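Working notes, beginning with the structure itself.
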Amino acid sequence: MELLSPTMDFIFKKIFGDEQNKDLLIDFLNAVLEYKTPIVNLIEKVAINLLDLLDDDVIALKLGLDIEHVRNLRKANNK
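As numbered in our numbering, residues 14 to 92 make up the sequence shown, in order.
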């Protein structure tokens with residue numbers, strides 16, 4: 014039997030994308046990122062598709078970005 018690699022997107026999401034495994038994801042992020050102050054909670058953000066607003070190479074952004082940042086991206090893509 015061949016084991017599936019957790020580096021595959023589908024497997025990674027199955028392991029870390031489930032609300033029941035939130036603590037596991039927090040531990041993983043703290044181990045990888047090594048911030049001075051550890052992550053203690055995660056807030057889910059909703060992804061939106063901005064293909065209608067930006068070029069095709071910008072597929073999605075997360076809600077919660079600074080609106081000026083989004084406007085700058087739009088300006089940069091319209092050059």
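Ideal Cβ placement from N, Cα and C applies to all residues, glycine included.
What you are looking at is a predicted structure, and each value in this text was computed from that prediction instead of being measured.
Suppose you measure from the CA of Ile-56 to the CA of Gln-33; what does that come to, to the nearest Å? Taking the straight line from one Cα to the other gives about 14 angstroms.
Between Thr-96 and Lys-49, what straight-line distance do the alpha-carbon atoms span, to the nearest angstrom? This structure cannot speak to residue 96, because the chain is shown only from 14 to 92.
Following the continuous alpha helix (DSSP H) through Val-45, name the residue where it begins and the one where it ends. Here the alpha helix (DSSP H) through Val-45 covers 35-46.
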